[in-house]
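For the sequence shown, counting from 1, position 78 maps to 84 in the working numbering; every step adds exactly one. The beta carbon of each residue, even a glycine, is placed where N, CA and C say it ideally should be. Since the structure is predicted, the reported quantities are computational estimates derived from the model, not experimental observations. Here the structure is laid out as structure tokens; the discussion comes afterwards.
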Amino acid sequence: MKGLESKINRVLGDVLGDRLESIILFGSSIYMGHGGDIDILVVVDCLEGLEEKISLEEKIIECLSKMFGYRITFDVHILDTRGLDKNMEVGGFLSGLALGYKIIYDKLSINGKILGMLEKLSEQRYIYLNRYGEWDISKIAKITLSIKKGEKDTDR
């Protein structure tokens with residue numbers, strides 16, 4: 007996975023330059039160890055609007071697909087820092103990070119924000135549905151929170 011991560015970092019750095027703030031891998035490839043695609047959350051400093059967001063997502067997908075010989079499918083989601091904060095709300099798009107995530111590039115100290123969201127998720131009952139089933143996010147958030155805090159402690 008390290009080779010994959012470094013290639014993703016390189017492509018996103020080339021496409022976004024100094025605008026790149028964070029890269030997070032999430033989805034079934036992280037929480038199940040395999041999946042039909044690789045989900046990537048990309049955080050940039052600022053987006054001019056929906057048109058730019060879509061254009062950048064398409065460009066990144068094309069560059070990544072080309073780099074990996076079109077053997078891997080990528081699902082790229084770009085948020086700017088404002089959109090990131092909005093989606094950190096309980097029930098927002100990023101609540102699914104409770105199932106598992108891996109930060110592969112970060113200038114924002116984003117893990118603290120994610121852990122804060124996981125704390126909130128763990129305090130209330132929240133059910134997440136996807137094609138793999140029904141997930142009790144509050145219970146999973148508690149587990150993920152414990153794991154991530156443990157990882158943080160071992161990094162010292």
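With distances taken Cα to Cα, identify the nearest neighbour of K154 among R137, F74, L26 and I109.
When each option's Cα is compared against that of K154, the closest is I109.
Mind listing, in chain order, the continuous beta strand (DSSP E) runs of no fewer than 3 residues lying wholly within the segment 84 to 124?
Runs found: 107 to 112.
Nearest by alpha-carbon distance to G9: which of M73, L151, D86 and L103 is it?
The shortest CA-to-CA distance from G9 to any of M73, L151, D86 and L103 is the one to M73.
Helix, strand or coil for D81? Go by DSSP, reduced to three states.
Three-state result, D81: strand.
What's the gap between the Cα of I133 and the Cα of I143?
So the alpha carbons of these two residues sit roughly 6 Å apart.
Can you pull the DSSP bridge partners for E140?
Looking at the DSSP output, E140 sits in a beta bridge with L135.
Report the rounded CA-to-CA distance for Y107 versus V82, giving the unit in angstroms.
Cα to Cα, the separation comes out at about 14 Å.
Counting beta carbon pairs with one atom in the segment 109 to 118 and one in the segment 59 to 71, are three or more of them shorter than 8 Å?
The answer is no - the segment 109 to 118 does not touch the segment 59 to 71, with fewer than three Cβ pairs under 8 Å.
Which one of S115, G118 and S101 has the shortest CA to CA distance from R131?
Minimum Cα distance to R131 is reached at S101.
Indicate the three-state DSSP secondary structure (helix, strand or coil) for E63 in the structure shown.
Correct three-state label for E63: helix.
When I36, G33, E68 and G19 are compared against V49, the one with the closest alpha-carbon
Relative to the Cα of V49, the nearest Cα in the group I36, G33, E68 and G19 belongs to G19.
Let me check understanding here. Comparing Cα to Cα, which of L22, V21, L121 and L53 lies closest to V96?
Among L22, V21, L121 and L53, the Cα nearest to that of V96 is on L121.
Going by beta carbon distance, what residues of the same chain come within less than 7 Å of I36, once the five residues before and after it are set aside?
For I36, where only same-chain residues beyond five positions count, the Cβ hits under 7 Å are G106, Y107 and K108.
How about K113 and E11: do their beta carbons lie closer than 8 Å?
No, Cβ-Cβ distance for K113 and E11 is not below 8 Å.
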